[in-house]
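So the protein lines, in turn, are chains V and L. Here the numbering used here is used: position 51 in the first sequence is 1161, and no number is missing along the way. Here the numbering used here is used: position 74 in the second sequence is 1184, and no number is missing along the way.
2 protein chains.
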Amino acid sequence: MSSSISAQALSELNPLPRLLMGPGPINADPRVLRAMSAQLLGQFDPQFRQYMRDTQELYRGVFETANTQTLCIDGTARSAIETVMVSIVEPGDRVLVASFGRFGQLKAEIARRVGADVRVIEAEWGTVFDLARIESEIRAFSPKLLACCQGDTSTTMLQPLAELGALCRRYGVMLQVDATASLCGTPLPVDAWQIDCVTGALQKCLAGPSGIAPITLSDALCETIMRRRHVEEGLRPADYRPGAGRIITSNYFDLAMIIDYWSDRALNHHTEATTMLYAARECARIFLQEGHAAVYARHALASRAIVSALEAMNLRIFGDTSNKMPNVTGVWIPDGVSGDRVRTAMLDEFNIEIGTSFGPLHGRIWRIGAMGYNARRDAVLTTLAALETVLAGEHHRFTRGAGVDAARAVYQAG
Amino acid sequence: MSSSISAQALSELNPLPRLLMGPGPINADPRVLRAMSAQLLGQFDPQFRQYMRDTQELYRGVFETANTQTLCIDGTARSAIETVMVSIVEPGDRVLVASFGRFGQLKAEIARRVGADVRVIEAEWGTVFDLARIESEIRAFSPKLLACCQGDTSTTMLQPLAELGALCRRYGVMLQVDATASLCGTPLPVDAWQIDCVTGALQKCLAGPSGIAPITLSDALCETIMRRRHVEEGLRPADYRPGAGRIITSNYFDLAMIIDYWSDRALNHHTEATTMLYAARECARIFLQEGHAAVYARHALASRAIVSALEAMNLRIFGDTSNKMPNVTGVWIPDGVSGDRVRTAMLDEFNIEIGTSFGPLHGRIWRIGAMGYNARRDAVLTTLAALETVLAGEHHRFTRGAGVDAARAVYQAG
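Have a look at this one:
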């Protein structure tokens, strides 16, 4: 035993039983935790390769796509966004970012770092874009790639995407959608909506931990990537010819090599994060077993219950409520109430976490999530009852019990 | 339930009870699996921030360093190597790679992709470098950074490093050591050996899954990185001034931002991979509770047992045995024996995985690992007994029972 290490650091892991009702991460479904407790397999074990193929198939189901290249990136959500960008964008390529919150800013940041010529169009926080504006920007800028969020958790807004893919195809623009925060909380039929690329995450509506990110890539987008295929020294097959395109400036995020690794040729790349792959597989299984429609309805119901409750508590919902994400709700912190003190009381006294937001919204709104495993009646009602108690202690004026009763009524109406 | 998904993909995760005795990944310590089954916490939960600080303290213990910047990268081992390189190397900077196997090639590959002017010096596979050669290359090339493996699992060789850090400091060269495969299997006192940067992994001697990578960075190296600090839009503190150095061309691998995220200022970056952080913390706890000397002795004993057994089975150890990694042993596949058929029989009939190697060694050597949780007498003896059975079936000539008896004698002598 190393004597210089503190007793705290050496203490047994024993997290408090938090109920995570913020913008994510949320609690993992216990089934996912059980799957992650399974013993490891070698990365080229036939059974493990089968689990990888299963995972691909399951996420094709999740994404409602026939895309062969549906797989996982071993990193958090933003690693998947960067993987796609660095593998597609060559220095000077034009990237248009439609930003309606902090995670739009993030995509612009990543695109600039990988060398793109970036134009950002912004929608006021709390609103989304109409298609005409995006179309005129595409005409003016002629980007190679358009990147945008489906749901930007920083503002709780949900960009309608049903027509955007077709618009992009008309102009020969590739569309990259960041569905980190929305995937499995709201419809995203990738093929029907003609989206070239979607990146996701587990820690929101999929009810798993962060650390692995499912993605899907259209065949056309993969062609662009495979033109840049440069297999690393020591692994080149006998028939290897490097792609004509410029080498991708990251090894870890080289999608051509990641595709080779996931393919039946199984060219070595990273060592697949076994436990996270187990988690990704289990999250998709749970989602598909419940079924798309049922899961979306469960999130929509929770959203209605929360909105009704907050309004009944004399609070004002943030932003354009007709384009609100179903899995997270922004609400203005009332005058005279300390947002941080409320969050601290919720956490310390009730073990319930809710969030605030970033930048101009920091300390001005709370974000209350109900997603994945936590988009449950008991979790929603418990959170609202706790919030009422704390708000009453802050002398916020509202009819005590009105919030939780309103939510309960929404659930009883179904 | 989505009807188009196969029953296989939807089947319950249920991995076979493999004993992973190859070059890694190996089996996770059951304590690590239990830690990973703990429920999630929010990334800014005070308890979770404490777990992050614990993890930093524990890895300072593991690395025997006082380095403040000792933390984890949310990706596999190679992501940590790339994180360091992209954060230090500016285009055209000289990087010298001392390569003695496939994972030396990998570092050269990563360095080239991030824009370095790379010179590779190679030691024949199965050997290591002497310091005089490295010194003359440093004098000739004047690199900013020298990168090398401690142990390169592809060849099972272990580069002596005790004097290399001091040599690099004499010439003003930063030293990056890739200890993915050797960390916790053999001494690596980072401060005593004056190493600027070490990257590791869990899936070898630390007995956890891949997907998160502990690293440690000297203060001097951090100064170089922080000169390139550019905080992303939307997160910039009031007192923010961008660093004078060139912006790091990756967002996910931007060590300045990762350091800010891990620091008490807790600037948002990725969403920490909660479950993998739990795993990293538990792996380090287990290691430190057993103690450096005891763990290294356990690996050395397993290595002696395996070498004795293989020699007694009329097999020839690969490479320079005086510089062999203690946690993995390379052995020539005897003439007339199919290496793949033996590995398949081991896997199918005994649920035991051993490895072959890459490139010129593929199909010519086996690699037998005994590391982390699997550097145990029962695992070693069981593996050797199985190998004897399979080799006898392949008509390899040796005295049946000689191998496992030799290993047992080594263990009995202690």
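Idealized CB from N, CA, C, for every residue including glycine. Just so we're clear, the structure is a prediction, and the values are computed from it rather than from any experiment.
Under 9 angstroms from the C-beta of residue 1127 of chain L: neighbouring residues of chain V: Residues of chain V whose Cβ lies closer than 9 angstroms to the Cβ of residue 1127 of chain L are, in chain order, 1149.
Proximity winner among V/1392, V/1302 and V/1332, relative to residue 1122 of chain L (alpha-carbon distances): Comparing Cα positions, the closest option is V/1392.
Where residue 1333 of chain V falls, given that 16 or more other Cβ within 10 Å makes a residue buried: exposed
Assigned secondary structure, residue 1212 of chain L (DSSP; H/G/I helix, E/B strand, else coil): helix
Distance, residue 1196 of chain V Cα to residue 1538 of chain V Cα: Residue 1538 of chain V is absent from the model: chain V starts at 1111 and stops at 1524.
Residue-level contact to chain L via CB, residue 1138 of chain V, 8 angstroms cutoff: yes
Option in V/1176, V/1487 and V/1513 with minimal Cα separation from residue 1329 of chain V: V/1176
CB contact below 8 angstroms: residue 1240 of chain L versus chain V: No, no contact with chain V.
Burial state of residue 1426 of chain V, where buried means 16 or more other Cβ atoms lie within 10 Å: exposed
Beta-carbon proximity check, residue 1218 of chain V vs residue 1199 of chain V, cutoff 8 angstroms: no
Simplified DSSP assignment, three categories, for residue 1510 of chain L: coil
Residue range of the unbroken alpha helix (DSSP H) whose run includes residue 1524 of chain V: Under the DSSP assignment, residue 1524 of chain V falls outside any alpha helix (DSSP H); it carries neither an H nor an E label.
Chain V within 8 angstroms of residue 1304 of chain L, Cβ atoms only: no
Partner residues on chain C for residue 1365 of chain L, Cβ-Cβ distance less than 9 angstroms: The chain inventory of the structure shown lacks chain C, comprising the protein chains V and L.
Chain L contact for residue 1468 of chain V (CB, 8 angstroms cutoff): Closer than 8 angstroms: yes.
Closest by C-alpha distance to residue 1203 of chain V, when choosing among V/1165, V/1291, V/1390 and V/1255: V/1255
Reference residue 1141 of chain V; option with closest CA among V/1516, V/1446 and V/1395: V/1395
Contacts that residue 1380 of chain V makes with chain L (C-beta to C-beta distance below 8 angstroms): 1185, 1186, 1187, 1188, 1189 and 1320
Own chain partners of residue 1231 of chain V with C-beta closer than 6 angstroms, once the 5 adjacent residues on each side are dropped: 1208 and 1247
Short Cβ contact (8 angstroms threshold) for residue 1326 of chain V with residue 1307 of chain V: yes
Beta carbon of residue 1315 of chain L nearer than 8 angstroms to that of residue 1513 of chain L: no
Sequence ranges, beta strand (DSSP E) only - wholly within the region 1312-1353 of chain L, length at least 3: 1323-1327
Nearest-angstrom Cα separation, counted from residue 1223 of chain V out to residue 1191 of chain L: 19 angstroms
Contact with chain V by residue 1391 of chain L, beta-carbon distance below 8 angstroms: Output row for residue 1391 of chain L: interface = yes.
Proximity below 8 angstroms, CB of residue 1402 of chain L to CB of residue 1295 of chain L: no
Range covered by the alpha helix (DSSP H) that runs through residue 1372 of chain V: 1365-1372
Selection from V/1147, V/1239, V/1213 and V/1206 that minimises the alpha carbon distance to residue 1380 of chain L: V/1213
Within the region 1148-1202 of chain L, ranges of the beta strand (DSSP E) (whole runs, at least 3 residues): If we require 3 residues or more, the beta strand (DSSP E) runs fully inside the region 1148-1202 of chain L come out as 1179-1183.
CA-to-CA distance, residue 1322 of chain L to residue 1253 of chain L, given in whole angstroms: 29 angstroms
Rounded distance between the beta-carbons of residue 1125 of chain L and residue 1153 of chain V, thought under 8 angstroms: Not quite, the Cβ-Cβ distance comes to about 13 angstroms (not below 8 angstroms), so this is no contact.
8 angstroms Cβ shell around residue 1375 of chain L - same chain, five flanking residues per side excluded: 1347
Which listed residue (L/1250, L/1278 and L/1492) has its alpha carbon closest to that of residue 1130 of chain L: Residue 1130 of chain L has its Cα closest to that of L/1492, out of L/1250, L/1278 and L/1492.
Buried/exposed call for residue 1340 of chain V, threshold 16 Cβ in 10 Å: Buried.
Outcome for residue 1486 of chain V when other beta-carbon atoms lying within 10 angstroms are tallied against a minimum of 16: exposed
Neighbour flag for residue 1368 of chain L against chain V, beta carbons, 8 angstroms: no
Residues near residue 1229 of chain V in its chain [Cβ-Cβ closer than 6 angstroms; skip 5 each side]: 1206 and 1251
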